[in-house]
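Numbering (full-length UniProt numbering), first residue to last: 1 to 309.
For glycine and all other residues, C-beta sits at the position ideal for the given N, C-alpha and C.
Small disclaimer: the values here were computed from a predicted structure and weren't measured.
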Amino acid sequence: MQTHSHTLIDIPFNQRHICWFCGEPSSEILHFPRTARKNVEHALLALPACKECDSIKHSRDINSIWQFRAHVKQALISKYTKHLAIGENWTKEELEESEFSGSILGGFGESAWHMYEIAKQRVAYQGWPLIVDGLTFDAMDDTSSFEFNGTCYASLRNCVDFFEKASDIDKELLTQLVEIVTPARFDYALKIAKLNKRISPARRTQIIDDIAIEEAEKREAAARSDLELSIEDVSVSGTIAPSFAIQWAIAKGASTLSELCPLEDDYFDDFQHLGGAAAFASYNGLQLYLEARENAAWVKANDPNKDVW
Ligand SMILES: [Zn+2]
Numbered sequence: 001m002q003t004h005s006h007t008l009i010d011i012p013f014n015q016r017h018i019c020w021f022c023g024e025p026s027s028e029i030l031h032f033p034r035t036a037r038k039n040v041e042h043a044l045l046a047l048p049a050c051k052e053c054d055s056i057k058h059s060r061d062i063n064s065i066w067q068f069r070a071h072v073k074q075a076l077i078s079k080y081t082k083h084l085a086i087g088e089n090w091t092k093e094e095l096e097e098s099e100f101s102g103s104i105l106g107g108f109g110e111s112a113w114h115m116y117e118i119a120k121q122r123v124a125y126q127g128w129p130l131i132v133d134g135l136t137f138d139a140m141d142d143t144s145s146f147e148f149n150g151t152c153y154a155s156l157r158n159c160v161d162f163f164e165k166a167s168d169i170d171k172e173l174l175t176q177l178v179e180i181v182t183p184a185r186f187d188y189a190l191k192i193a194k195l196n197k198r199i200s201p202a203r204r205t206q207i208i209d210d211i212a213i214e215e216a217e218k219r220e221a222a223a224r225s226d227l228e229l230s231i232e233d234v235s236v237s238g239t240i241a242p243s244f245a246i247q248w249a250i251a252k253g254a255s256t257l258s259e260l261c262p263l264e265d266d267y268f269d270d271f272q273h274l275g276g277a278a279a280f281a282s283y284n285g286l287q288l289y290l291e292a293r294e295n296a297a298w299v300k301a302n303d304p305n306k307d308v309w
């Protein structure tokens, strides 16, 4: 219902007759909120909208135009899941090369890719900056959302729901995988879920366990390389034990002179490229360093790498 206090937003010349929510031609003026409500703190707005966006129902909990817009987008995603699914499950080239028609592509046949593009664009459309009576609209967009592949979902959960419907993935599997690999790597979790549709509970548990182990190993490797980067050269009695030699000893598990001794040939094989003299000098430095490390007081006072061992 329109009231006198709803103000039509400014409409740039090149955006005339365009739905502010989805970019389709507009035929309606949408009033938000429909009636003056206490929980909406900003000005009452009137916005050009298409028939479809104008007819989307919303609850009274929605208390800003930004929340309302997110709600409209999510409603469009739900309504056009089948259209959006085309682009999630196929590439344009695959569709062109395929001889599918009719029912296989949800009844869209040759226009399938076009239907996908329209739905994708409507969901992605951002409207124009809100200006009311020549003044920039100052209510901040406080909505959070989850963005994946150019589409903003109202939340991560909504995104998972979408892929359950669009790509028939195992919702439980995808949810748990995203938890393990973090939402920032949603694409990786989704790839695994797409390869493992219609799985048994045992198989699901196995995949989740495998990925959890893989991730833990990656984190350990990253921590190890951080540690390696922090290793410093050490000078003992004027001879340098270079950081690369110390890293080598740590990697080989040689933390004492007696553990290093049987590995001497390996060391010279690995550092042949340095040339005999330089390899020998570095090995000598390493020996002196490990020897010095046998004295706890020296380690405490002089070893910059004491936390690495
Ligand atoms: Zn619209």
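Buried/exposed call for C53, threshold 16 Cβ in 10 Å: buried
Heavy atom of ligand 1 within 7 Å of E117 beta-carbon: no
Those residues, in chain order, that have a beta-carbon closer than 6 Å to some heavy atom of ligand 1: C19, F21, C22, E24, A49, C50, E52, C53
6 Å CB neighbourhood of P33 in its chain, flanking five on each side removed: V40
Per-residue burial, F69 [other beta carbons within 10 Å of its own, 16 or more giving buried]: It is Arg, not Phe, that sits at residue 69 in the sequence shown. Flag for R69 reads buried.
Counted within 10 angstroms of its Cβ, other Cβ atoms place D142 as buried (16 or more) or exposed: exposed
Rounded separation between R219 and F148 - CA only: 24 Å
For C53, the first and last residue of its enclosing alpha helix (DSSP H): 51-54
CB contact flag (E24, R157, <8 Å): no
Neighbourhood of V72 by C-beta distance below 6 Å, restricted to the same chain and skipping five residues each side: F21, C53, I56
Alpha helix (DSSP H) segments (min. 4 residues) lying fully within the region 221-278: 243-252, 257-260, 264-270
Alpha-carbon to alpha-carbon, D265 and L274: 15 Å
8 Å contact criterion, which I77 and W113 should meet: CB distance rounded: About 18 Å; that fails the 8 Å criterion.
Contacts around N63, its chain only, beta-carbon distance under 6 Å, and the 5 residues preceding and following it disregarded: N39, V40
S225 vs L288 beta-carbon contact at 8 Å: no
Beta-carbon proximity list for Q67, same chain, < 7 Å, skipping 5 on both sides: T143
Counted within 10 angstroms of its Cβ, other Cβ atoms place Q176 as buried (16 or more) or exposed: buried
Cβ pair count under 8 Å reaching 3, the region 243-259 against the region 194-211: no
For T256 and N284, believed in contact at Cβ under 8 Å, the rounded distance: Between T256 and N284 the Cβ distance is about 16 Å, and since that is not below 8 Å, they are no contact.
Counted within 10 angstroms of its Cβ, other Cβ atoms place I235 as buried (16 or more) or exposed: The sequence shown places Ser at residue 235, not Ile. Per the 10 Å Cβ criterion, exposed.
Extent of the continuous alpha helix (DSSP H) run through Y188: 186-195
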